[in-house]
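So the structure is just underneath, and the comments pick up after that.
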Amino acid sequence: MTITGVKQMLNLWSDFITVILPFQWADYDFMKNALLAILLITPLFGLLGTMIVSNKMAFFSDALGHGAFTGIAIGSVIGLVSPIFAAVAFSIVFALIITVIKNKSRASTDTIIGVFSSIAIALGLVLMSLGGSFNKYSSYLIGDLLSITPSEIFILIGVFIIVLFLWSVIFNKLLMVSINQSLARSRGVNTLLVEMIFTTMVAVIVTISIQWVGLLIINSLLVLPAAAARNITRNVRQYTLVSILIAVFSGICGLIASYYLNTATGATIVLVSGIIFFITLGFKNKFE
Amino acid sequence: MKELKEQQLNDVQCSGLCCTKVKNFNVNFGNTKVLENVNLHIHCGELTAIIGPNGGGKSTLLKAMLGDVKHTGQLEYLDGKNKDSGVPVIGYVPQNLSFDSGTPTSVLDLFMVCNSKIPAWLLTTKGIKNKVRESLAMVKAEHLINRRIGALSGGELQRVLLALALDPIPDLLLLDEPVSGIDQNGLEVFYDTVSELRKKYDLSIILVSHDLDLVEKYADRVVLINGTVLCSGTPQEVFNNQITSKIFGMTWFKQRANDHDNNRGEADA
């Protein structure tokens, strides 16, 4: 697909939105792009979140965010035009190192992740403050979804397809590992490999989304929809579906609310999913 | 010990039936030797019970056989013609499956992720459902198919795990203390089911157990392990061995002597 192809596609999308959503916010191109980005990112967050919550990896994905932050700092320091590629490479390596050490070492997972997470964020902050130019990076802390560009949306589409494919291939094995490692091994699953593929996927998604969502809240976006879905579902299909629906719903509501309230989009989305989490918590007993 | 050596010599050939051999297993955790020089010979259709004191390495032996724990030595599976038919299909029922009891995973999901190529989050088919129902019917648990695995009782979970270990039908079934968290009644049901399946499918079963009464009732062979194989043979041979009574203390054996007064003469011979 060429760049003109992408542009045509985006124009189509733009016309489509203008027709079906005759609201003031839907008139702006940045809102249309952001909406498209949300429709691509949030299902992935809902999907990956299910296994992050099931595997008790909330702290881990938080550390991945820190790794991505450091990656962006490294990319900027070595002077890449788009530090995002350095960031993706760094967070993949970072994620794989934590996964391997977590599997080989007998120290508690919390401790290992804590050590790496703190080192990563400290290194990132040191690199970014070199020469006193920290302010230009502060957007990575909060994120700016409205700044998303058409070429970035193109990358998102690619990531979306790859994640859906990998998820179909590794999901069964991943769930086995999540239920019980010994059970998975007795069924011939290479548990370390499965975990490494999964953490790589999370690392990539977190890193490319961090510029739009922001380091401070990206983890909530991964964890909240799945945590909410878990309260009200009984099997894997319900769990996945509800988690995706909650993620997409909070994404769209958050985007529109942030437009009218003039607030940070990512944070508004997190607040919506937070509210949904507490509502589902109230229904938990009915789904025991 | 002399008996033990003779036993091993006799076991070199598989006398026309299929069998599984554990050869020279050694397991170390750091500098601690957990298992040393363990040799076992398991015939098809036999239930071999592994007994021994806590920390004696019973569960570790099963995990080593699964490849879950690093070990030296080999696991060989020979089919009826004494030919090495490679790696046996192993079914494993763990001691207690520790998982998050809040997990939104149904029994059907559990079977799907273990046995199906179709991703369980996407869809399920009638064919898969029927197959899982058949598997569960083997352990009389077909009514549990849509239950959440975290909502099963200890006994129900154990039966589901047994059904899972039997799909596909394994060459070797490893049961690790399937007794924890199950009441006496559930226990007997479980053992009866296992015995029945063993006869039906000619399974080799290795069972790690603490319950000597049940071992005596159901096992064909008993192996006493404490770091290494101390003694093995029929239940009577092992239970009449002095090493066994030393390890398990005299109380149980006195009780047993009273219960089995009439059989004693036979056992000693």
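For the protein sequence lines, the chains are R and H, in the order given.
Taking my numbering, I'd label the letters of the first sequence as residues 22 to 309.
Taking my numbering, I'd label the letters of the second sequence as residues 907 to 1175.
Yeah, the Cβ is synthetic: ideal placement off N, Cα and C, and Gly gets one too.
Asked, Found
"What first and last residue would you give for the beta strand (DSSP E) that runs through N932/H?", "C925 to F935"
"Using a Cβ cut-off of 7 Å (strictly closer), state whether L972/H contacts chain R.", "yes"
"Using a Cβ-Cβ cut-off of less than 9 Å, give me the residues of the region 928 to 954 of chain H that come near chain R, in sequence order.", "none"
"By a C-beta neighbour count over all protein chains shown, 10 Å radius and 16 as the cutoff for buried, is F192/R buried or exposed?", "buried"
"I want to see whether chain H comes within less than 7 Å of V257/R, judged by CB atoms only; does it?", "yes"
"Here's the rule I'm using: 16 or more other beta-carbon atoms within 10 Å means buried, otherwise exposed. How should S82/R be labelled?", "buried"
"So S1004/H contacts chain R; which residues on that side make the cut at Cβ distance below 8 Å?", "N201"
"Could you work out which residues of chain R lie near A1026/H, taking near to mean beta carbons separated by less than 8 Å?", "F192, N193, L196, V257 and R258"
"Within its chain, find whatever has a CB closer than 8 Å to the CB of I99/R; leave out the 5 residues flanking it on each side and keep chain order.", "A107"
"Could you list which residues in chain R have their beta carbon closer than 8 Å to that of G1008/H, in chain order?", "R251"
"So I996/H contacts chain R; which residues on that side make the cut at Cβ distance below 9 Å?", "S207"
"What residues from the region 209 to 220 of chain R come within 7 Å of chain H, judged by C-beta to C-beta, listed N to C?", "none"
"Mind checking N54/R: buried by the 16 CB within 10 Å criterion, or exposed?", "buried"
"If you draw a straight line from the alpha carbon of T978/H to that of N945/H, how long is it in whole angstroms?", "12 Å"
"Report the residue from G951/H, E982/H and G936/H whose alpha carbon sits nearest the alpha carbon of N930/H.", "E982/H"
"Taking a contact to mean a Cβ-Cβ separation below 7 Å, would you say T63/R touches V269/R in this structure?", "yes"
"Could you tell me which residues DSSP puts in a beta bridge with Y161/R?", "None, per the DSSP bridge assignment."
"Once you ignore the five residues that flank K969/H on each side, which residues in its own chain have a CB closer than 6 Å to its CB?", "V975"
"How would you list, in chain order, the residues of chain R whose beta-carbon sits under 8 Å from the beta-carbon of S1012/H?", "R255, N256 and V257"
"Looking at C-alpha atoms only, which residue of L941/H, L1081/H and I1034/H is the closest neighbour of R1104/H?", "L1081/H"
"If I134/R sits next to L243/R, beta carbons under 8 Å apart, how far is it from one beta carbon to the other, in whole angstroms?", "Contact doesn't hold; Cβ gap of about 15 Å is too wide."
"Please report whether the beta-carbon of T261/R lies at a distance below 7 Å from any beta-carbon of chain H.", "yes"
"Residues in the same chain with beta-carbon distance under 7 Å from A1173/H, minus the five sequence neighbours each way, listed in chain order, please.", "Low local confidence applies: a pLDDT of 45 at A1173/H is under 50, so the model's placement there is unreliable, with the coordinate-based value given in what follows. The residues are Q1142 and N1146."
"Check N943/H in the structure and name its three-state DSSP category.", "strand"
"Can you list, in chain order, the residues of its chain with a C-beta nearer than 7 Å to that of V1019/H? Leave out the 5 residues immediately preceding and following it.", "A1026"
"List the residues that DSSP assigns as beta-bridge partners of R1054/H.", "S1012/H"
"What is the DSSP secondary structure of E1178/H, counted as helix, strand or coil?", "The question about residue 1178/H has no answer here: the residues shown for chain H are numbered 907 through 1175."
"With 16 other CB atoms within 10 Å as the buried threshold, where does R127/R fall?", "exposed"
"Starting from P1000/H, find everything on chain R with Cβ-Cβ shorter than 9 Å and list it in chain order.", "N201, S203, L204 and S207"
"Between the region 1014 to 1047 of chain H and chain R, which residues of the former have CB atoms less than 9 Å from a CB of the latter, in chain order?", "L1014, D1015, L1016, M1018, V1019, C1020, N1021, S1022, K1023, I1024, P1025, A1026, W1027, L1028, L1029 and T1030"
"Quick check on R1054/H - is its C-beta less than 7 Å from some C-beta in chain R?", "yes"
"Can you grab the Cα-Cα spacing for the pair L195/R / A224/R, in whole Å?", "16 Å"
"Rounded to a whole number of angstroms, what is the C-alpha to C-alpha distance between K305/R and G1139/H?", "53 Å"
"Does the region 1045 to 1055 of chain H come into contact with the region 280 to 288 of chain R, if we say contact requires no fewer than three beta-carbon pairs (one atom in each stretch) closer than 8 Å?", "no"
"For the region 70 to 82 of chain R, which residues have a beta carbon sitting closer than 7 Å to at least one beta carbon of chain H?", "S75"
"Cβ atoms of C274/R and V293/R: under 7 Å apart, would you say?", "yes"
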